[in-house]
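Q:
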Amino acid sequence: MYQRLDAETAAVRTEQAALDAVPPAERPAVAAMLAGRLAGLESAEPGLCFGRIDRTGAQPLHVGRRGLWADGEPLLVDWRAEAARPFYTATPAHPMGLRRRRHLRLAGRTVVGIADELLDGSPPKAGDVVGDGPLAEALSAPRTGRMRDAVTTLQAEQDAVIRAPGRGVTVVQGGPGTGKTVVALHRAAYVLFAYPPAARGVLVVGPDARFLDYISQVLPSLGEHDVRLVARTEIGGSGPVAAEPLDVARRKGRATLAAEMATLVRARRPAATAVTLPAGPDRITLDAAAVGDALAAAADLPHNPGRAAFRERLADHVARAQVQVVHEHLDRFDAEAAVATGVDLDEAVAADLRSLGLAGAPAVTVRLVDPAATRAGLRACPALDSAVTSLWPPLSAEEAVEDLLAAHPELGREPGAPWTAADLALLDEARELVDGPPGDVYGHVVVDEAQELTEMDWRAVLRRCPSRSMTVVGDFAQAGPVSTVSGWTEALGTRITVHTLTVNYRTTAEILEASRDLLAEIAPEQSPSRSLRHGEPPRVLTGATVADELRPGELTAVICADADAARLAAELGDRARVLPVSRARGLEFDAVVVVDPDRIKAARPSGKRDLYVALTRATRRVTVIGSERA
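Residue numbers (full-length UniProt numbering): 1 to 630.
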């Protein structure tokens, strides 16, 4: 297999070396295509083949990170291919025609571990290696601070979601530790494999930069490199962000502001009334019908493109009016000449033609005014530009948002003040109203910790995914204080498919039990997930210091109220990661020390949900320290 991988890699490198022979116009696209192929081949190198399925009455199939073929026969089946499905979904109750599922563990290019699962009820034979599978090993492994792909350990419940049919909106919900993020990222890789039209890049939206760093290597390890990761507040662009009260941010996240801003922007268009416009040395008056026609040409366009269309149509009307004025001047000249000379010029010309025997000659029309040239001149007319600007001024997104917020003094914005995170979502909305849809659209969008998004955030996400091929994951029991959405249909409409994960792969049964009462309080409609592991019960201490609870060899997070984070970080240095609770969502650690739970609950409107998040980050142990000596 590795020989075949090396051969394909060498072939791509050969094509790259010959790029100079590609026509210059095609070279950038070909270079990008080859770079993508090479990245996919190189990412398959670690753990290229991780499994085999032995089928009753058929040849075994090897399953790995990408498909490899030789002489028309499959050497290795891509984990996303339909043929690989039994590797993830076969069980002793439903073996799907398999006798054995074999898990392989590689170190470099050498097999260093084998574990077999016998699925057909037959006794072990020579060559069968029955033992713990990779899931048990993965669950007990220490955390590193980076999420790893789970392509070797996906379970049937997760695989069913990953391979769910259709390219619409798939929602994955479930409690902490049920693998929502893993499923979302693997589903994105599957969608790009199974539905090639979606392969126009992947956008991953997460709660903050720390979380995005945590998940950043998963999709590249699955061979998907055309991936952009953005924080929720940076969907429409990044920049300095000022702080503001949580209740103000929440109000700015309401979709009603989008409708209000659209009305304000629309109100900047002129009315369909008569106007007088400059046209060279002349001034032309257009009636209300002509202005209305120009407005109709811009009716469905954003503000600034609409303004350009309005100007073009006005220029057409002015040009026609100019031509009409010239002809009226000529007709008046003919009439005045006839009165002054007593000669009808048209009749005189006709008489001359008759005298020359040319009475039946074809008429020749001499164009005294060229309408096209007249229009071209008007398009470059500064005076007309100024007149149109006075009728329909240009507009920036920043001006539109300033106008909106000026109408809401309760939102507390001073003109010219730095923008806040909630303002950035309003600016993105304004850009669509002012200049049109964004140019950065994607074939598939993953939204993680989706319960954090406001209605305005959702609008920013959806305008970047016109195909509506999305994977959305979240848990409303973990919602923060700014979110304005309380259900998936409220955010995404009814044309969605919702999957609920029920098995907890992160948290021990003892930790889940300790958080059960809190879950019942914040989300009584939710059932707790079922843990696969047992461990030590959480410890609740009073009069202890954080440093006393740190153990060597563990990835430990100290989670506290946001206001306490700087102090604790200074005290602990590099002995532990100190996390303000607002930044803990989606992360996991070997051990967690929760500092002053009462202070966490009181600090924000979402305080009880924040505490629930803090208590469910650990894979091994949780210590809760009361307020006396934290």
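Ideal Cβ placement from N, Cα and C applies to all residues, glycine included. Remember, predicted model here, so these are calculated numbers, not experimental data.
Check this for me: beta carbons of residue 619 and residue 143, under 8 angstroms apart or not?
A: For residue 619 and residue 143, yes; Cβs fall inside 8 angstroms.
Q: Judging by CA-CA distance, which residue of 162, 420, 444 is the nearest neighbour of residue 646?
A: Because the chain is modelled from 1 through 630, residue 646 falls outside the range shown and cannot be assessed.
Q: In chain order, what are the residue ranges of uninterrupted beta strand (DSSP E) at least 3 long that sit wholly in the stretch 92–119?
A: Counting only runs of 3 or more, we get 98–107, 110–118.
Q: Can you list, in chain order, the stretches of the alpha helix (DSSP H) that have 4 or more residues and sit fully within the stretch 29–97?
A: Qualifying alpha helix (DSSP H) stretches, in chain order: 85–89.
Q: Less than 6 angstroms between C-beta atoms, sequence neighbours within five positions excluded: which residues of the same chain meet that for residue 497?
A: Excluding residues within five positions, the ones whose Cβ falls inside 6 angstroms are 170.
Q: As a quick exercise: from 134, 102, 113, pick the residue whose alpha carbon is nearest that of residue 119.
A: That would be 102, whose Cα lies nearest to the Cα of residue 119.
Q: Going by beta-carbon coordinates alone, are residue 204 and residue 229 separated by less than 8 angstroms?
A: A contact, by the Cβ cut-off of 8 angstroms.
Q: Do residue 625 and residue 595 have their CB atoms nearer than 8 angstroms?
A: Yes. Within cutoff.
Q: Mind checking which residues open and close the beta strand (DSSP E) that includes residue 470?
A: That run of the beta strand (DSSP E) goes 470–474.
Q: Check residue 309 in the structure and name its three-state DSSP category.
A: If DSSP states are grouped into helix, strand and coil, residue 309 belongs with the helices.
Q: Below 8 angstroms on the Cβ atoms is my contact criterion, and I expect residue 80 with residue 189 to pass it. Report the Cβ-Cβ distance as a whole number of Å.
A: That belief holds up - the Cβ atoms of residue 80 and residue 189 are roughly 7 angstroms apart, short of 8 angstroms.
Q: Touch check for the stretch 80–100 and the stretch 146–156: three-plus C-beta pairs under 8 angstroms?
A: Contact holds: three or more Cβ-Cβ distances are below 8 angstroms.
Q: How would you call residue 639, buried or exposed, if buried means at least 16 neighbouring beta carbons within 10 angstroms?
A: Absent from the model: residue 639. The displayed extent of the chain is 1 to 630, so no value can be given.
Q: Taking just the CA atoms, how far does residue 315 sit from residue 308?
A: Those two C-alpha atoms are separated by around 11 angstroms.
Q: Rounded to whole angstroms, what's the CA-CA distance from residue 294 to residue 303? Just pull it up for me.
A: Each residue's Cα considered, the two are about 14 angstroms apart.
Q: Terminal residues of the continuous beta strand (DSSP E) containing residue 186?
A: It is not in any beta strand (DSSP E) - residue 186 instead sits in the alpha helix (DSSP H) that spans 180–194.
Q: Quick one: what does DSSP say residue 366 is sitting in, helix, strand or coil?
A: Confidence is the limiting factor: at residue 366 the pLDDT is only 49, short of 50, which leaves the residue's position unreliable, though a coordinate-based value still follows. It is coil, neither helix nor strand.
Q: Inspect the beta-carbon positions of residue 227 and residue 202 and report whether they are closer than 8 angstroms.
A: Contact flag set, yes.
Q: Touching or not, the stretch 600–618 and the stretch 556–573, by the rule of three or more beta carbon pairs under 8 angstroms?
A: Yes, the stretch 600–618 is in contact with the stretch 556–573.
Q: Does the distance from the CB of residue 167 to the CB of residue 469 come in under 8 angstroms?
A: Yes, Cβ-Cβ distance for residue 167 and residue 469 is below 8 angstroms.
Q: Span of the alpha helix (DSSP H) holding residue 597?
A: Run containing residue 597: 597–603, per the alpha helix (DSSP H) assignment.
Q: Compute the Euclidean distance between the alpha carbons of residue 289 and residue 272, then round it to the nearest angstrom.
A: Distance between the alpha carbons of residue 289 and residue 272: 7 angstroms.
Q: Which residue wins for smallest C-alpha separation from residue 433, given the options 177, 448, 383, 261?
A: Selected option, being the one with the closest Cα: 261.
Q: Using C-beta distances below 8 angstroms, list every residue in its chain close to residue 546, excluding the 5 sequence neighbours before and after it, in chain order.
A: Excluding positions up to five away in sequence, the list reads 558, 568, 571, 572, 576, 593, 595, 625, 630.
Q: Quick check: the Cα distance between residue 296 and residue 418, rounded to an integer number of angstroms?
A: Computed Cα separation, rounded: 37 angstroms.
Q: Which same chain residues, not among the five before or five after residue 514, have their C-beta less than 6 angstroms away from its C-beta?
A: Closer than 6 angstroms at Cβ, skipping near neighbours: 538.
Q: Roughly how many angstroms lie between the CA atoms of residue 631 and residue 590, to the nearest whole one?
A: Nothing in the structure corresponds to residue 631, since the chain is present only between 1 and 630.
Q: By DSSP's criteria, residue 206 is part of a beta bridge. Which residues make up the other side?
A: Answer is 231, bridged to residue 206.
Q: Of the residues 85, 146, 211, 196, which one's Cα is nearest the Cα of residue 448?
A: Checking every option, the nearest Cα to that of residue 448 belongs to 211.
Q: Distance check for residue 286 and residue 274, CA to CA, integer angstroms please.
A: Roughly 6 angstroms between the two C-alpha positions.
Q: Are residue 252 and residue 460 closer than 8 angstroms when you measure CB to CB?
A: Contact flag unset, no.
Q: Around the C-beta of residue 69, are 16 or more other C-beta atoms found within 10 angstroms, so that it is buried, or is it exposed?
A: That one is exposed.
Q: DSSP puts residue 173 in a beta bridge; with which residues?
A: Looking at the DSSP assignment, residue 173 forms a beta bridge with 474, 500.
Q: Run the CB neighbour count on residue 86, radius 10 Å, all protein chains shown included, and call it buried at 16 or more, exposed below.
A: When all chains shown are included, residue 86 counts as buried.
Q: Among 310, 420, 63, 407, which residue has its Cα nearest to the Cα of residue 250?
A: Nearest C-alpha to residue 250: 420.
Q: So, using beta-carbon positions, are residue 507 and residue 174 closer together than 8 angstroms?
A: No, they are not a contact pair.
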